[in-house]
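Novice: One structure, pasted below without further comment.
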Amino acid sequence: MSSTDIQLGQVTLSHVAGKGGMGSVWRGNLADHPEPVAVKVVTAKTADYERFYSLFRREIRASAALRHPLIVRLFEQGTVDDSAAQSSDGRLVSGAPYFVMEWVDALGPVTHLRDTSWSNLRRILMLLLDALAHAHARGIIHRDIKPGNVLLLTDKLGLPSIKLTDFGIAHQLDMLRSSERDIADSEFEPIMGTPYYMAPEQIRGKWRLYGPWTDLYAVGCLAWQLATGTRPFVGKSLREVAKAHLEGGLPKFEP
Numbered sequence: 198m199s200s201t202d203i204q205l206g207q208v209t210l211s212h213v214a215g216k217g218g219m220g221s222v223w224r225g226n227l228a229d230h231p232e233p234v235a236v237k238v239v240t241a242k243t244a245d246y247e248r249f250y251s252l253f254r255r256e257i258r259a260s261a262a263l264r265h266p267l268i269v270r271l272f273e274q275g276t277v278d279d280s281a282a283q284s285s286d287g288r289l290v291s292g293a294p295y296f297v298m299e300w301v302d303a304l305g306p307v308t309h310l311r312d313t314s315w316s317n318l319r320r321i322l323m324l325l326l327d328a329l330a331h332a333h334a335r336g337i338i339h340r341d342i343k344p345g346n347v348l349l350l351t352d353k354l355g356l357p358s359i360k361l362t363d364f365g366i367a368h369q370l371d372m373l374r375s376s377e378r379d380i381a382d383s384e385f386e387p388i389m390g391t392p393y394y395m396a397p398e399q400i401r402g403k404w405r406l407y408g409p410w411t412d413l414y415a416v417g418c419l420a421w422q423l424a425t426g427t428r429p430f431v432g433k434s435l436r437e438v439a440k441a442h443l444e445g446g447l448p449k450f451e452p
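My numbering puts the first residue of the sequence shown at 198, with every later residue one more than the last.
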């Protein structure tokens with residue numbers, strides 16, 4: 198370990214590979230694991246970390262049990278300790294949740310697919326549905342199917358392939374953005390997910406109605422975008438996008 202590396206549990210962090218609104222992704226090495234790993238660390242200082250763990254520890258553990266070649270594996274989770282926070286020069290927050298995942302050298306989001314022939318589109322969508330079927334059969338739904346969570350790769354034969362990421366994480370991170378409601382005791386929750394791909398029950402915030410169909414609706418929106426180059430439901434604001442999902446008809450299909 199070099200002098201600039203940070204020890205976080207069983208993981209040695211080397212450098213920040215990317216940043217987002219709620220946190221950062223580090224490249225690191227997991228003890229007794231031969232390949233590099235990605236470590237997603239929540240760095241939002243206003244996040245209610247204790248509430249996060251009390252509500253979602255079980256679901257994240259269930260997601261970590263998924264074993265499928267097309268799903269990015271979630272190895273472990275934890276919270277940043279004081280030592281790691283102090284040695285990070287302010288880049289990590291003590292007590293913040295982190296997730297250790299399989300590192301994927303992707304070409305980008307699935308929308309980077311250049312050859313959008315019907316055979317390639319069908320292949321990509323069948324692979325995505327296969328990954329989702331594996332999770333749905335085990336009672337786990339993703340809730341945030343979007344291009345950025347469907348990573349584009351090339352397999353050993355040079356054919357397009359995918360890796361589905363953020364299983365069990367995307368929804369939980371979204372929950373950290375809301376502290377006004379007690380989600381566990383309410384039929385409703387704040388709107389979660391990416392509006393362009395959200396199912397009606399997500400837009401309405403009725404989490405008790407979530408199911409495999411919630412993911413399949415998002416797959417349909419993504420399939421439309423891959424086939425036509427445009428999203429099926431658009432608007433000048435998030436409210437307009439939501440209204441289009443609930444009340445608008447599909448535009449003319451022009452591949």
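Cβ coordinates follow ideal geometry from the N, Cα and C atoms, glycine included.
What do you get for Met323, buried or exposed, if any count of 16 or more other CB atoms within 10 angstroms of its CB means buried?
Specialist: The residue is exposed, with fewer than 16 neighbouring Cβ atoms inside 10 Å.
Novice: Please name the residue in Leu329, Leu356 and Leu406 whose C-alpha comes closest to that of Asp312.
Specialist: Of the listed residues, the one whose Cα sits closest to Asp312 is Leu356.
Novice: Apart from the five residues on each side of it in sequence, which residues of its chain come closer than 8 Å, Cβ to Cβ, to Thr425?
Specialist: Correct list, in chain order: Phe450, Glu451 and Pro452.
Novice: What is the rounded straight-line gap between the Cα of Ala381 and the Cα of Asp341?
Specialist: Low confidence applies here, because Ala381 scores a pLDDT of 41, under 50, leaving its location unreliable; read the following figure in that light. So the alpha carbons of these two residues sit roughly 20 Å apart.
Novice: Using DSSP with H/G/I as helix, E/B as strand and the rest coil, what is Glu437?
Specialist: DSSP places Glu437 in helix when its eight states are reduced to three.
Novice: Contact criterion: CB-CB distance below 8 Å. Does Ala262 meet it with respect to chain D?
Specialist: Of the chains in the structure shown, none is chain D; there is only one protein chain.
Novice: Can you give the Cα-Cα distance for Cys418 and Asp279, rounded to whole angstroms?
Specialist: If you take the alpha carbons of Cys418 and Asp279, they lie about 43 Å apart.
Novice: According to DSSP, is Leu271 part of a helix, a strand, or is it coil?
Specialist: In this structure, Leu271 counts as strand in the three-state DSSP scheme.
Novice: Buried or exposed: where does Asp286 fall if 16 or more other Cβ atoms within 10 Å of its Cβ makes it buried?
Specialist: By the neighbour-count rule (16 or more Cβ atoms within 10 Å), Asp286 is not buried but exposed.
Novice: Could you spell out where the alpha helix (DSSP H) holding Trp416 opens and where it closes?
Specialist: The residue you asked about is not Trp; residue 416 is Val in the sequence shown. Note, Val416: alpha helix (DSSP H), Pro409 to Thr425.
Novice: Look at Met298 and Lys353 and say whether their C-beta atoms are less than 8 Å apart.
Specialist: No, they are not a contact pair.
Novice: Taking only runs of the beta strand (DSSP E) that begin and end inside the region 275 to 347, which ones reach a length of at least 3 residues, in chain order?
Specialist: As far as the region 275 to 347 is concerned, its whole beta strand (DSSP E) runs of at least 3 residues are 294 to 299.
Novice: I want to know whether the region 292 to 309 touches the region 326 to 340 - three or more CB-CB distances under 8 Å.
Specialist: The answer is no - the region 326 to 340 does not touch the region 292 to 309, with fewer than three Cβ pairs under 8 Å.
Novice: Please classify Ala415: is it buried, with 16 or more other beta-carbons within 10 angstroms of its beta-carbon, or exposed?
Specialist: Ala415 comes out buried.
Novice: Select from Arg288, Glu437, Ala282 and Leu227 the residue whose C-alpha is nearest the C-alpha of Gly220.
Specialist: Of the listed residues, the one whose Cα sits closest to Gly220 is Arg288.
Novice: Have a look at Pro344 and Ala282 and give me their C-alpha separation to the nearest angstrom.
Specialist: Spanning the two alpha carbons is a distance of roughly 32 Å.
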